[in-house]
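Chains as they are written, first to last, in my numbering: chain A, 1 to 110; chain B, 1001 to 1114. The C-beta atom is built at its ideal place from N, Cα and C for all residues, glycine as well. All values reported here derive from a predicted model rather than from experimental measurement. All remarks here apply to the structure that follows.
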Amino acid sequence: GENVEQHPSTLSVQEGDSAVIKCTYSDSASNYFPWYKQELGKRPQLIIDIRSNVGEKKDQRIAVTLNKTAKHFSLHITETQPEDSAVYFCAAGDFNQFYFGTGTSLTVIP
Amino acid sequence: DSGVTQTPKHLITATGQRVTLRCSPRSGDLSVYWYQQSLDQGLQFLIQYYNGEERAKGNILERFSAQQFPDLHSELNLSSLELGDSALYFCASSPTRGLSYEQYFGPGTRLTVT
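Below you can see the structure in the form of structure tokens.
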């Protein structure tokens, strides 16, 4: 099955700075790459996703890039705010199933 | 509120026992997914059902089984429980039609095995 690696496991940034989380995947057949945010004690929620026919997607302060050749994709958060503090999970697969990375705990320091 | 409900919220049981976790998907969603989340692991995909049929299987142990009923609710059965099965179990549902692949997660069931 798919193997997704995610780095870093923890990340601290100053408010207003940018944060970047990187993921790699193993299965070249994967065509769907979502990112989920999980706040403490809450359920994961989709924040952005990208499909393999697109190289980059942006939604306000959040952007995701995908390099299918290298089998890696990244989440970029600009102008970070304290409410961005959470655990972020990348995933790779297809619409039937996708496999999550181990998560990145992001802390935004006011 | 995602529209996905899970019961119970918390479950404490002993090793060797059997439990059933229940999930009701969002209205109209045909797909149900089960995930296990433990402290040192991410979200581990267990199994997917689509309209009553098993669609995909992930890292699900043989001691675990699931099913989806005609009314589309799903149950995850965990048997011969071990201490290592203590985790948060999430159910998610998805419309699996149109342009959205988003999975909507329920609030989870926290299982503690003592």
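Legend entry - Inter-stretch contact (C-beta, 8 Å, three-pair minimum) for the segment 1008-1023 of chain B and the segment 32-43 of chain A: no
Legend entry - Residue range of the beta strand (DSSP E) that includes A/Gln38: Stepping through the first sequence from its first residue, residue 38 of chain A is reached at position 38. Looking at the DSSP string, the run of the beta strand (DSSP E) that includes A/Gln38 is Tyr32 to Gln38.
Legend entry - CB of A/Glu79 within 8 Å of CB of A/Gly16, strictly: Position 79 of the first sequence, counting from 1, holds the residue named residue 79 of chain A. Position 16 of the first sequence, counting from 1, holds the residue named residue 16 of chain A. Cβ atoms of A/Glu79 and A/Gly16: closer than 8 Å.
Inset, instruction - Please decide whether B/Ser1002 counts as near chain A, where near means a Cβ-Cβ distance under 8 Å. - result: One-based indexing of the second sequence puts residue 1002 of chain B at position 2. Judged by the 8 Å Cβ criterion, B/Ser1002 is in contact with chain A.
Inset, instruction - Please state if the CB of A/Cys23 and the CB of A/Phe73 are separated by a distance shorter than 8 Å. - result: Indexing the first sequence from 1 puts residue 73 of chain A at position 73. Indexing the first sequence from 1 puts residue 23 of chain A at position 23. Yes, they are a contact pair.
Inset, instruction - Can you have a look at B/Lys1057 and say buried or exposed, based on whether 16 or more other CB atoms are within 10 angstroms of its CB? - result: Residue mapping note: residue 1057 of chain B aligns to position 57 of the second sequence, counting from 1. When all chains shown are included, B/Lys1057 counts as exposed.
Inset, instruction - Give the DSSP bridge partners of A/Phe89, in chain order. - result: One-based indexing of the first sequence puts residue 89 of chain A at position 89. DSSP, once it has assigned bridges, lists A/Tyr36 as partnering A/Phe89.
Inset, instruction - Classify B/Glu1075 as helix, strand or coil using the three-state DSSP reduction. - result: The residue given as residue 1075 of chain B occupies position 75 in the second sequence. Looking at B/Glu1075 - three-state DSSP - the assignment turns out to be strand.
Legend entry - Inter-stretch contact (C-beta, 8 Å, three-pair minimum) for the segment 84-96 of chain A and the segment 28-38 of chain A: yes
Inset, instruction - Identify the contact partners of A/Gln97 in chain B, using a Cβ-Cβ distance below 7 Å as the criterion. - result: If you number the first sequence from 1, residue 97 of chain A lands on position 97. Result: Phe1045, Gln1048, Ala1056 and Gly1058.
Inset, instruction - Ignore the nearest five residues each way along the sequence and tell me which others in A/Phe100's own chain have a CB closer than 8 Å to its CB. - result: By one-based count along the first sequence, residue 100 of chain A stands at place 100. Here the set comprises Val4, Tyr36, Phe89, Cys90 and Ala91.
Legend entry - Burial state of B/Pro1025 (16 or more Cβ within 10 Å): Against the second sequence, residue 1025 of chain B aligns to sequence position 25. B/Pro1025 should be labelled buried.
Inset, instruction - With 8 Å as the threshold, decide whether the Cβ of A/Gly101 is near any Cβ in chain B. - result: Taking the first sequence and counting its residues from 1, the one referred to as residue 101 of chain A is at position 101. It does: the Cβ of A/Gly101 has a partner Cβ on chain B nearer than 8 Å.
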